[in-house]
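These notes concern the structure reproduced below.
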């Protein structure tokens, strides 16, 4: 069946009786493809039938499907003619793992972050109606993403609609970590709605049997807000918000789903179709361990084991172990995660201190303000969030933490280039938005040992402190340099003259190669591990200005507002005779690809840095 799918809407040529076979072929194709390339497997295996049903009742690209987060859109890509693109999935120059409008007209919205699909879909609906157009808009959102505040804002706004808008709630009881919170509990109750519906029908039949008044009583109850439905089915949150609720429906029963989707197309107003799916369906290792197969590298299909073997700890591992160590000596230390216990390493902390780990769900803004309250209450909170996701809480960091100068520690994982997940996940903006915040201290470690040192320093410090570190294996180099972390002081690795290389965090490993090559060429540069991005070590800058003509700053952050620009501004004001060459990430979004390849592409590999220094010196 799969060979018949080569372009959008080819699914309409498939007989309904053949859909189960097509679903099975798609699952096998996904397992085989992702085993070679890596990618988001568990979430995609769970939505095969759901995607088939949507494509069968819609006409793309005229109709619009807006995927929340977008890591469940692989089947959608297959059904829109991109099957061959899976050979280079998430590779540089290849197909993105997320919906991309520049890939296909059938991708209605570029995705990557959570909880925004209802807002975007509502925008499409309003644009459609304003222009008198006729097409269907479907926003697909997971139960995990529904915990994000933006989703509630959109639902509240959507309730005013008097025109068709379909919201598909893909409920698999998972985000990356198991879902938590009130909405999760509410949906758990709704999963048993068939029981309640049966009770409702039974009560109705019983009441109708009451002589003379039974039927009238039932009709009256139906017309009141305190209807049987509301009394029997728990909460009826969506209905009470003004949204028509349909479901729950088995997300692997395509006939049932198509019947419900066709019904939803006829409703005037916003409709929520509640679909129950199983993450990892069709591949037992992914079904048993959906968190491991949320985002996976290449793996052995027969065992489910990763092909790459970890030989050194990752920065996340180091953070996890250090948190546990500090937790034993600091009883007021707590961890906060936004649905990423495993991803951030805080699962280890929870295992030893279950009462001191708070998973707030996909709610980064809440996580930060929650941390502010904890700090005011005498607790030391560590907020561990990926760099690209922390962007969502900039206002809370600035207003609720920094303005009050509260002791909140931000452990910023996946800072810098992250590779295969592309634009939406590159952590290349945090130095810019954090360094502009008054009272904020910003650090970046050169290797695994320095990360542990910085976390220990942060726990004993005052005010807001951020530590940003990259994804992947922790650098093992320059272990001999373990001087204590001192507030606002850089670490001079090697003292020379004329040219000073000032590296920020993850780029120290690359700059180490640059330093060695310059020494081989007979040059004698100074090599500085900045350690602190904010505050700048102005005392060292003043000292180096006496016998250096050029400062070269290197960072894995966009140039605008980054470490290099701060150094350049200081030197221009205080030592204008010293030139500054800031080397940083482009001031634009970086697409997916291998990190080393991306560094070379944007001029941050060791040979590129050497060439940039040579060219700059020739221009003097």
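In the numbering used here, the protein residues as written are 1023 to 1642.
C-beta atoms are modelled at their ideal positions from N, C-alpha and C, and glycine is treated no differently.
On a Cα-Cα basis, can you pick out the residue from the options that is closest to residue i?
i: residue 1273; options: 1265, 1060, 1283 and 1582; result: 1283
i: residue 1493; options: 1111, 1328, 1068 and 1341; result: 1341
i: residue 1060; options: 1192, 1319 and 1369; result: 1319
i: residue 1325; options: 1177, 1310, 1425 and 1417; result: 1310
i: residue 1565; options: 1116, 1141, 1088 and 1511; result: 1511
i: residue 1531; options: 1568, 1579, 1504 and 1467; result: 1467
i: residue 1076; options: 1107, 1087 and 1619; result: 1087
i: residue 1005; options: 1484, 1146 and 1505; result: Nothing can be reported for residue 1005: it is not among the residues displayed for the chain, which extend from 1023 to 1642.
i: residue 1350; options: 1375, 1338, 1128 and 1113; result: 1375
i: residue 1083; options: 1126, 1058 and 1093; result: 1126
i: residue 1462; options: 1183, 1522 and 1557; result: 1557
i: residue 1569; options: 1594, 1610 and 1599; result: 1599
i: residue 1472; options: 1446, 1502 and 1402; result: 1502
i: residue 1289; options: 1317, 1477, 1338 and 1268; result: 1268
i: residue 1085; options: 1413, 1031, 1573 and 1117; result: 1031
i: residue 1480; options: 1299, 1344, 1113 and 1334; result: 1344
i: residue 1277; options: 1628, 1552 and 1079; result: 1079
i: residue 1509; options: 1552, 1528 and 1130; result: 1552
i: residue 1337; options: 1308, 1387, 1543 and 1436; result: 1436
i: residue 1447; options: 1063, 1629, 1612 and 1275; result: 1612
i: residue 1563; options: 1534, 1421, 1594 and 1545; result: 1594
i: residue 1095; options: 1114, 1384, 1122 and 1414; result: 1122
i: residue 1440; options: 1490, 1260 and 1033; result: 1490
i: residue 1050; options: 1070, 1266 and 1470; result: 1070
i: residue 1042; options: 1057, 1495, 1074 and 1120; result: 1074
i: residue 1426; options: 1442, 1445, 1579 and 1391; result: 1391
i: residue 1581; options: 1590, 1591 and 1608; result: 1608
By a C-beta neighbour count over all protein chains shown, 10 Å radius and 16 as the cutoff for buried, is residue i buried or exposed?
i: residue 1331; result: exposed
i: residue 1363; result: buried
i: residue 1405; result: buried
i: residue 1554; result: buried
i: residue 1072; result: buried
i: residue 1066; result: buried
i: residue 1026; result: exposed
i: residue 1452; result: buried
i: residue 1484; result: exposed
i: residue 1099; result: buried
i: residue 1587; result: buried
i: residue 1305; result: buried
i: residue 1334; result: exposed
i: residue 1138; result: buried
i: residue 1389; result: buried
i: residue 1418; result: buried
i: residue 1575; result: buried
i: residue 1054; result: exposed
i: residue 1040; result: exposed
i: residue 1610; result: exposed
i: residue 1081; result: exposed
Give me the DSSP bridge partner(s) of residue i.
i: residue 1266; result: 1293
i: residue 1601; result: 1572
i: residue 1557; result: Looking at the DSSP assignment, residue 1557 forms no beta bridge with any residue, so it has no partner.
i: residue 1408; result: 1435
i: residue 1449; result: 1438
i: residue 1164; result: 1192
i: residue 1523; result: 1549 and 1574
i: residue 1396; result: DSSP, once it has assigned bridges, lists no residue as partnering residue 1396.
i: residue 1375; result: Its beta-bridge partners do not exist; DSSP assigns none.
i: residue 1359; result: 1381 and 1406
i: residue 1041; result: Note: residue 1041 sits in no beta bridge, so no partner.
i: residue 1271; result: 1297
i: residue 1187; result: 1292
i: residue 1423; result: Answer is none; residue 1423 lacks a bridge partner.
i: residue 1580; result: 1607
What is the C-beta distance between residue i and residue j, in whole angstroms, given that I count them as a contact (C-beta under 8 Å)?
i: residue 1023; j: residue 1044; result: 4 Å
i: residue 1192; j: residue 1287; result: With 8 Å as the limit, residue 1192 and residue 1287 do not qualify as a contact, their Cβ atoms being about 18 Å apart.
i: residue 1382; j: residue 1360; result: 6 Å
i: residue 1356; j: residue 1378; result: 4 Å
i: residue 1416; j: residue 1295; result: About 34 Å separates the two Cβ atoms, so there is no contact after all.
i: residue 1090; j: residue 1136; result: 6 Å
i: residue 1635; j: residue 1603; result: 7 Å
i: residue 1403; j: residue 1358; result: 6 Å
i: residue 1459; j: residue 1420; result: 5 Å
Determine, for residue i, whether the minimum Cβ-Cβ distance to residues of chain D falls below 8 Å.
i: residue 1060; result: Of the protein chains in the structure, only one exists, and it is not chain D.
Minimum length 3: unbroken beta strand (DSSP E) runs contained in the segment 1291 to 1346: For the segment 1291 to 1346, whole beta strand (DSSP E) runs of length 3 or above, ordered along the chain, are 1292 to 1298.
Any alpha helix (DSSP H) of 4 or more consecutive residues that is wholly inside the segment 1055 to 1098: The alpha helix (DSSP H) runs lying completely inside the segment 1055 to 1098 and spanning 4 residues or more are 1064 to 1068 and 1070 to 1079, given in chain order.
Completely contained alpha helix (DSSP H) runs for the segment 1447 to 1516, where each covers 4 or more residues: The segment 1447 to 1516 is shown to contain whole alpha helix (DSSP H) runs of 4 or more residues at 1452 to 1457 and 1470 to 1482, in chain order.
Complete runs of the beta strand (DSSP E) confined to the segment 1102 to 1168 [at least 3 residues]: Segments of the beta strand (DSSP E) lying fully in the segment 1102 to 1168: 1159 to 1164.
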